[in-house]
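Enquirer: My questions all concern the structure below.
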Amino acid sequence: MRYGSTTGLAGADVDELAERVQQILDGRGTSLGRHLLGVRRQVELVLMLLCQNISQTLAVDLVGVSQPTVSRIFRRIKPLLTQALAMTGISLEAAITQGHLLLIDGTYTPTGNRPGAGKDTAKANFSTKHHCQCLSVQVAATTGGQLVAVSGPMPGSRHESAALELCGWADALDTQDADWIADTVHTADGAPTPIKKTPGQPRPQWVKQWAAKSPTSAPS
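Residue numbers for the sequence shown follow the UniProt record's numbering, beginning at 1 and rising by one.
As structure tokens, then:
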């Protein structure tokens, strides 16, 4: 079964992540060879649970194993994913120093809490844009698609521009005179942003030519 759209990762990325998990297991002298699901399938399952925020009961039907098995896999693999991903990326400050042109965007991570369940915390994490309880995370990548850095989680109720400031990235980008591109929510932060298309009007020819030369910042 293919899980590309549900894990949020391309197949090659899942392969690499599974290889890293396997290396960690080998270093500990642990083998999953006699388990019903191999390492890659277990990694896929945990990524799906984390990305889609689905119940383990639903995962049982999708994968074809028992609920206790799903629970054991989640408890076993999730810490290994954290360890494996610690090998990836550098700090935003280091990336700026290296002179990378950075693409920065915010994403939201659903927490699964209901609006009435967390009182003040729930209010802080409720996003009116996404209509759910979530945390706001900033992501930086190179124009070649390489992940550079991921910020700490900020309250989901905060605007992306405010989240960029809260996590400390706005100050780092400004004080280090970084080269970065973002979407239009960061116009006030000084980032070059896409040229927005006027509703009901065709894009001017010069915009099309510019977009063809700058595919990473094409007009929205």
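For every residue, glycine included, the Cβ atom is placed at its ideal position computed from N, Cα and C.
For residue 59, count neighbouring C-beta atoms within 10 Å of its own C-beta (all shown protein chains included) and say buried if the count is 16 or more, exposed if not.
Expert: On the sequence shown, position 59 is the one that residue 59 refers to. With 16 or more other Cβ atoms within 10 Å, it is buried.
Enquirer: Out of 7, 183, 106, state which residue places its alpha-carbon closest to the alpha-carbon of residue 42.
Expert: To locate residue 42, count along the sequence shown from 1; it is residue 42. Out of 7, 183, 106, 7 has the C-alpha closest to the C-alpha of residue 42.
Enquirer: Could you tell me the distance, in whole angstroms, from the CA atom of residue 221 to the CA atom of residue 169?
Expert: This structure leaves residue 221 out entirely; the chain is present only between 1 and 220.
Enquirer: CA-CA distance, residue 162 and residue 51?
Expert: Working through the sequence shown from its first residue, we reach residue 162 at position 162. Working through the sequence shown from its first residue, we reach residue 51 at position 51. If you take the alpha carbons of residue 162 and residue 51, they lie about 24 Å apart.
Enquirer: With burial defined as no fewer than 16 other Cβ atoms inside 10 Å of the residue's Cβ, what is the status of residue 222: buried or exposed?
Expert: Past the edges of the chain, shown from 1 to 220, lies residue 222, and the structure says nothing about it.
Enquirer: Can you look up residue 149 in the DSSP assignment and give me helix, strand or coil?
Expert: In the sequence shown, the residue the question calls residue 149 occupies position 149. In the structure shown, the three-state DSSP call for residue 149 is strand.
Enquirer: What's the C-alpha gap between residue 84 and residue 129?
Expert: The residue you call residue 84 lines up with position 84 of the sequence shown. The residue you call residue 129 lines up with position 129 of the sequence shown. If I take the Cα positions, the gap works out to 32 Å.
Enquirer: Taking residue 90 as the reference, which of 79, 111, 147 has the closest Cα?
Expert: One-based indexing of the sequence shown puts residue 90 at position 90. For the residues 79, 111, 147, the minimum Cα distance to residue 90 belongs to 147.
Enquirer: Does the distance from the C-beta atom of residue 133 to that of residue 110 stay below 8 Å?
Expert: Within the sequence shown, the letter at position 133 stands for residue 133. Within the sequence shown, the letter at position 110 stands for residue 110. In contact: residue 133 and residue 110 (Cβ atoms closer than 8 Å).
Enquirer: Go ahead and label residue 138 buried or exposed: buried means 16 or more other beta carbons lie within 10 angstroms of its beta carbon, across all protein chains shown.
Expert: For this step, residue 138 is matched to residue 138 along the sequence shown. Per the 10 Å Cβ criterion, buried.
Enquirer: Can you say whether residue 5 is buried or exposed, counting buried as having 16 or more other CB atoms within 10 angstroms of its CB?
Expert: The sequence position of residue 5 within the sequence shown is 5, counting from 1. The residue in question, residue 5, is exposed, as its Cβ has fewer than 16 Cβ neighbours within 10 Å.
Enquirer: Would you decide whether residue 86 is buried or exposed? Buried here means 16 or more other CB atoms lie within 10 Å of its CB.
Expert: Translated into the one-based positions of the sequence shown, residue 86 becomes position 86. Its Cβ having fewer than 16 others within 10 Å, residue 86 is exposed.
Enquirer: Residue 228 and residue 95 look like a contact to me (Cβ under 8 Å); what is the Cβ gap, rounded to whole Å?
Expert: No statement about residue 228 is possible, as the shown extent of the chain runs from 1 to 220 and does not include it.
Enquirer: What ranges does the alpha helix (DSSP H) occupy inside the region 12–75, keeping only unbroken runs of at least 4 residues that lie completely in it?
Expert: 39–52, 56–63
Enquirer: Nearest-angstrom Cα distance between residue 39 and residue 144?
Expert: As a first step, residue 39 is located in the sequence shown; it is residue number 39 there, counting from the start. As a first step, residue 144 is located in the sequence shown; it is residue number 144 there, counting from the start. In a straight line, the C-alpha of residue 39 is about 29 Å away from that of residue 144.
Enquirer: What's the call for residue 22, buried or exposed, on a 16-neighbour Cβ count within 10 Å?
Expert: In the sequence shown, residue 22 corresponds to position 22, counting from 1. So residue 22 counts as buried.
Enquirer: Given a threshold of 16 other Cβ atoms within 10 Å of its Cβ, counted over all protein chains shown, does residue 11 qualify as buried or as exposed?
Expert: For the purposes of this step, residue 11 is taken as the residue at position 11 of the sequence shown. Residue 11 should be labelled exposed.
Enquirer: Measure the alpha-carbon distance for residue 158 versus residue 99 and round it to whole angstroms.
Expert: Along the sequence shown, one-based indexing puts residue 158 at 158. Along the sequence shown, one-based indexing puts residue 99 at 99. So the alpha carbons of these two residues sit roughly 29 Å apart.
Enquirer: Between residue 80 and chain C, is any beta-carbon pair separated by less than 8 Å?
Expert: The structure shown contains no chain C; it holds only a single protein chain.
Enquirer: Short of 8 Å in beta carbon distance, which residues of its chain neighbour residue 56, apart from the five on each side in sequence? Order them along the chain.
Expert: Taking the first residue of the sequence shown as position 1, residue 56 is located at position 56. If we look at residue 56 and ignore the five residues flanking it on each side, its Cβ neighbours are 49, 67, 70, 71, 74.
Enquirer: Would you grab the beta carbon distance between residue 47 and residue 37 for me? Rounded to a whole angstrom, and I think it's under 8 Å.
Expert: Mapped onto the sequence shown, residue 47 falls at position 47. Mapped onto the sequence shown, residue 37 falls at position 37. A Cβ-Cβ distance of about 13 Å is found for the pair residue 47 and residue 37, leaving them out of contact under the 8 Å criterion.
Enquirer: Inspect the beta-carbon positions of residue 179 and residue 102 and report whether they are closer than 8 Å.
Expert: On the sequence shown, residue 179 is found 179 positions in, with the first residue counted as 1. On the sequence shown, residue 102 is found 102 positions in, with the first residue counted as 1. It is a contact, given that the beta carbons lie within the stated cut-off.
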